[in-house]
Each structure stands twice: as C-alpha cells, then as structure tokens.
Amino acid sequence: ENGEAVSFSQYPRPANTPQENSDLPDLKDIKIMGYSLRTWDYRYTLWLGFNPNTFQVNVSDVHAGELYMLASDPGQDNNVYSDFDHSVMMTKMT
Amino acid sequence: RGRRNVLFIIADDLRTSLGCYGDSLVKSPNIDQLASKSQVFLNAYAQQSVCAPSRTSILTSRRPDTTRLYDFKSYWRVHSGNYTTMPQYFKSKGYLTLSVGKVFHPGIASNHTDDYPYSWSIPAYHPASFTYEKKKMCKGEDGKLHANLLCAVNVTQQPGGTLPDMESTDEAVRLLKSRASDDNPFFLAVGFHKPHIPFRIPQEYLSLYPIEEITLAPDPDVPKLLPPVAYNPWTDVRRRDDVQKLNISFPYGPIPKDFQLRIRQHYYAAVSYMDAQVGRLLSALDELRLSNSTVVVFTSDHGWSLGEHGEWAKYSNFDVATQVPLMFYVPGVTSHRNWRGESTFPYIDAFNQSQHSFNNDKVIKNMVELVDVFPTVSYLAGLRAPKRCPDVSFQEELCTEGANRAHIFRRPERG
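Protein chains in written order, with the numbering used here: chain A, 2 to 95; chain B, 140 to 554.
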C-alpha cells in the first residue's frame with residue numbers, strides 16, 4: 002500500500018522495424034516484447050527478445066528502450082532513454 | 140450487506156476522450172453523468188492495447204504473460220490454464236450472468252462461444268446488424284457503396300434500419316426488464332462496438348463536431364527518437380477503401396491533414412453515439428428501479444491514437460493507446476441512495492446539451508490496471524475478492540494478478 006503506484010503493459014512485435022504484421026503478429030512470429038512500467042513521473046519501456054515457443058523473455062537481449070519524463074513531456078514525444086543510467090530501472094522492471 | 144447486481148459496460152477502443160476526463164471538445168453527457176456519481180480512476184491502464192489479449196486479461200484478471208494470449212488465435216483454457224473468469228465467478232455464486240455485444244473477443248479467443256457456458260447462464264447475444272460492419276455500407280462521393288473508414292450513415296437506410304450498438308442496447312434493456320422483478324442477482328455485461336473502426340455511425344452525430352472546430356493532434360509527427368520497434372503502422376486503417384485512395388506511404392505515412400481532421404471528427408462523433416447508447420441503458424436501469432441495487436462499471440478494452448506520434452490505432456505502449464476510462468458507480472457508496480423516486484441517470488441528449496456537466500471530487504489519480512477490475516467488482520457487489528495469484532499461477536483456477544481497489548474509495552490518496 003505504501004509502495005509506488007505503477008501499472009504495466011506489454012506489446013509484441015515481429016521485428017525491429019515496422020512491417021505488415023507489426024500491429025498484430027501471430028504468436029509464432031513474435032520475436033520482441035515491449036514491457037512498459039508507468040508511474041506518475043515516467044514511462045519506461047524495454048523492448049526485449051522473446052521466444053514464442055517457450056514464452057521466455059531474454060532480459061539481456063535489449064532491442065530498444067524508451068523513457069519519457071511526463072512532467073516535461075506529457076505527450077511522450079522526447080525519448081530520453083539514452084541519457085540515463087539504466088541499472089536501477091532495469092532492476093525495477095525485472 | 141446484501142449482494143448487488145452488476146452492470147458491466149465495456150466500450151471498444153475508447154480512449155479517455157470524455158468530458159469527465161477533461162476533454163473539452165467531446166460531448167459525452169451520459170458517461171459524464173455516470174462519472175459524477177461514481178468513483179473515477181483517472182489513470183487506469185490496459186495490459187495490452189489490442190482487443191482479444193486485453194479482454195481476456197480483464198475478464199480473467201491475469202496479465203498476457205499468464206494468459207499467453209498476445210494475438211487472437213488461442214483460447215486460454217486450453218492454451219495456458221483453466222482460469223476462472225469474472226462472470227464465471229459471479230455465476231458460481233448464484234448470479235444470472237448475461238452477455239450482450241462484444242464482451243469477450245469473439246472467435247477462437249473465446250472458443251467461438253464467448254466462453255459459454257463457463258461464463259454465462261445463457262448464450263451470449265450478438266447484434267445481427269454487426270454482419271454488415273466491415274462490408275461496403277458507406278455511400279461515397281461517387282454514389283456507390285464502399286468499405287470506408289469514415290462511414291457516417293443514414294440509419295434508416297441500413298439493413299434492418301439499425302446499427303449494432305443500438306441493437307445491443309435494445310437487447311440489454313429487454314434483459315433488464317426481465318430481471319426487474321426477480322430477486323436473484325444478475326451480472327449483465329454489455330460490450331459496445333464503438334468507437335472502434337470503421338466509424339459506421341448515425342450521420343447526425345457529425346453535426347456535433349463542425350470540422351472547423353477540429354484540431355490536429357498536438358504532436359502529429361513520428362518522434363525523432365522513437366525506436367522503430369515501438370512504432371505501429373496502423374495497417375487496419377490503411378486497408379479501408381477511402382484510406383487506400385490516399386496512397387499513403389508505408390510505414391510512416393503521413394495522412395493528409397484534412398483527412399486527419401475528418402478521422403478525429405468521426406472518432407468524436409462515434410464516442411457521442413456510443414455515449415447515447417450508454418445513456419439509454421442507464422436510464423432504463425433507473426426506470427426499472429434497479430439503480431439502487433446495481434453496481435455499474437464503465438471501461439474500455441484500451442485506447443486509440445488519434446494522430447499522436449503519427450499513429451492511428453492501438454497496437455502500442457503509448458499512453459493514448461493504453462489508458463482507459465474506468466469508473467465504478469456503487470449505490471449508497473459513490474452516490475446517495477435515491478429513495479424519493481428521483482431519477483439517478485436521466486437520459487441526456489447531446490444535441491440539446493449546452494455545457495459540460497461533470498462534477499465530481501471522487502477521483503483517484505494513482506495508477507491502476509484493468510486486472511484490478513475483477514477483484515474490485517467482486518468486492519463491491521458483496522462477494523469475496525479472489526486471492527492474489529502466486530508468482531506462477533498456471534495451475535491456479537481462481538486468483539487475481541490485480542488488486543482490490545475498493546478500499547481506496549473512501550480514503551484520501553497517498554503519494
């Protein structure tokens with residue numbers, strides 16, 4: 002109850018770049034899973050390697066990341082992922 | 140305390156473009172009225188922004204990594220675990236459980252039965268006019284019929300002289316009437332199809348949104364630092380006849396600005412049309428004197444990008460695609476019981492409404508999730524909320540990966 006209120010969402014992708022089935026890939030085509038953690042202050046998303054046969058995510062296989070600081074960027078247009086040290090966030094997420 | 144009935148209303152692809160969420164353009168008087176008498180969650184999020192995974196997640200209170208449903212092509216009971224659904228739980232406690240419209244995602248994802256008979260006391264109702272939803276029903280400038288994205292129609296000229304959400308409302312009202320004099324509690328789930336594309340809606344709703352009053356999204360371009368993997372190319376929108384004619388480049392577009400304005404106009408009109416059906420449903424609840432004994436939940440499966448980041452769809456982790464409206468009306472808790480016979484939910488006609496009417500200090504700003512709905516509704520109705528799931532719960536038939544939020548209704552927020 003006293004913890005930080007967070008919400009999680011996720012979205013699958015078949016490839017690193019947009020293609021015809023990027024919106025809604027079949028399970029067998031899912032290669033990447035984007036996991037998002039939201040708080041009042043930020044949204045942090047990691048796009049991680051995903052195995053559709055075992056349903057396992059590979060946390061060391063980071064395809065991309067997003068970090069939006071919502072106070073200054075409520076529309077989530079300025080991705081500052083590369084400006085931050087991710088060790089704390091990574092621990093929190095996983 | 141006794142058991143309360145439950146009216147669970149779920150819209151399709153409805154973002155928080157509602158008056159009660161601060162949108163000054165949209166006309167949603169009936170949902171705003173419900174919000175005025177409800178606990179409103181301002182920051183509620185879906186677990187995956189596409190229909191089947193999100194609905195399965197809401198109704199089982201398990202995250203997609205537990206349902207293992209990320210597409211539309213498997214049924215959780217055989218694919219991951221025999222999880223008890225929210226309506227199934229109510230059914231097991233003696234409720235009559237009823238489904239109207241799109242509650243579960245139809246097809247394989249719900250075993251081609253909307254999970255009947257596990258979840259429902261009788262087979263789910265689907266409006267007959269939905270058969271025409273993706274067909275060539277929209278009159279184009281050439282006078283011919285097309286499968287357009289923008290599809291404002293003269294309802295009297297549609298097959299049967301109706302539209303799916305109108306039919307669903309009629310059926311839901313009929314079911315409510317059949318329950319009005321019965322002492323056994325009911326759980327009625329009503330799933331509206333709008334504002335999902337195509338925007339096949341009564342044409343008069345466009346007049347609520349003159350095109351000159353419509354603006355583009357504040358951030359209509361694809362952000363420079365957005366990783367390509369995060370972007371979705373909105374292929375379902377591209378497939379519609381009128382969008383194909385625009386010859387938009389794949390994957391990044393953009394859509395011509397005048398067409399962007401019209402998409403936004405039609406989305407808002409679709410919201411108002413759906414709001415009117417919510418109003419019809421709630422006024423019937425009222426007239427049948429059920430609003431003193433029924434918990435009303437209103438939410439959506441996920442949001443929709445209205446041009447933000449150059450996107451026109453769900454299919455992403457952006458807030459516009461994942462944030463949803465979420466409110467709980469609990470008679471005697473979020474609103475005083477109405478014993479004088481006054482109307483709690485009178486129908487409000489958006490065409491005659493001059494000003495926004497939302498007024499409520501019962502808002503929760505902290506983050507909540509749609510997996511929270513099952514335990515919260517259960518508790519509010521007078522049942523025990525399911526216990527928390529263990530870290531690995533594939534063998535657990537009844538548990539929740541969410542939290543019962545009922546305890547914060549009467550307490551100030553922390554943090």
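Ideal placement from N, C-alpha and C gives every residue a C-beta, glycine not left out.
(1) On the DSSP letters alone, give me the boundaries of the alpha helix (DSSP H) that C190/B sits inside.
(2) Which same chain residues end up closer than 8 Å to A408/B when comparing Cβ atoms and leaving out the 5 residues on each side of it in sequence?
(3) Give every residue of the same chain whose Cβ lies closer than 6 Å to the Cβ of L198/B, excluding the five residues on either side of it in the sequence, and list them in chain order.
(4) Ignoring anything shorter than 4 residues, give me the alpha helix (DSSP H) runs that lie fully in the segment 324–391 of chain B, in order along the chain.
(5) Beta-carbon of V368/B versus every beta-carbon of chain A: anything under 8 Å?
(6) Is any beta-carbon of chain E found at less than 8 Å from that of S188/B?
(7) What's the call for N59/A, buried or exposed, on a 16-neighbour Cβ count within 10 Å?
(8) Evaluate S482/B with the Cβ neighbour count: other Cβ atoms within 10 Å of its Cβ, from every protein chain shown; 16 or more gives buried, anything less gives exposed.
(9) Locate the beta strand (DSSP E) running through F147/B, then write down its first and last residues.
(10) Are the C-beta atoms of D358/B and some chain A residue less than 8 Å apart?
(11) Which one of A6/A, S23/A, V7/A and S8/A has the shortest CA to CA distance from R14/A?
(12) Is A460/B buried or exposed, if buried means 16 or more other CB atoms sit within 10 Å of its CB?
(13) Would you identify the three-state DSSP class for T205/B, choosing helix, strand or coil?
(14) Determine, using beta carbons only, whether L421/B and L235/B come nearer to each other than 8 Å.
(15) Would you kindly report the start and end of the unbroken beta strand (DSSP E) that includes F467/B?
(16) Residues in its own chain within less than 6 Å of S193/B by CB, not counting five upstream and five downstream?
(17) In terms of residue numbering, what span does the beta strand (DSSP E) encompassing Q11/A cover?
(18) Buried or exposed: G35/A, going by 16 or more other Cβ atoms within 10 Å of its Cβ?
(19) Taking 8 Å as the threshold (C-beta atoms), are S200/B and G541/B in contact?
(20) Alpha carbons only, please: which of L445/B, R379/B, P393/B and F398/B is nearest the one belonging to V410/B?
(21) Under a three-way DSSP split, which group does V159/B fall into?
(22) In chain order, what are the residue ranges of uninterrupted alpha helix (DSSP H) at least 4 long that sit wholly in the segment 271–335 of chain B?
(23) Just how far apart, CA to CA, sit E536/B and P525/B?
(24) Can you find a CB in chain A that lies within less than 8 Å of the CB of M466/B?
Checking against the coordinates, here is how it stands:
(1) C190 to T199
(2) Hits under 8 Å: A291, F338, I340, Y344, L345, L347 and Y348.
(3) T224 and M225
(4) You should have 374–377 and 380–383.
(5) V368/B counts as touching chain A.
(6) This model lacks chain E altogether, as its protein chains are A and B.
(7) exposed
(8) exposed
(9) For F147/B, the enclosing beta strand (DSSP E) covers residues N144 to A150.
(10) yes
(11) S23/A
(12) buried
(13) Note: T205/B maps to helix in three-state DSSP.
(14) no
(15) Q462 to Y468
(16) A185, Q187, D440 and H441
(17) S8 to R14
(18) buried
(19) Cβ distance < 8 Å, so G541/B and S200/B count as in contact.
(20) Nearest of L445/B, R379/B, P393/B and F398/B to V410/B, Cα basis: L445/B.
(21) It is Cys, not Val, that sits at residue 159/B in the sequence shown. If DSSP states are grouped into helix, strand and coil, C159/B belongs with the helices.
(22) 303–318
(23) 10 Å
(24) no
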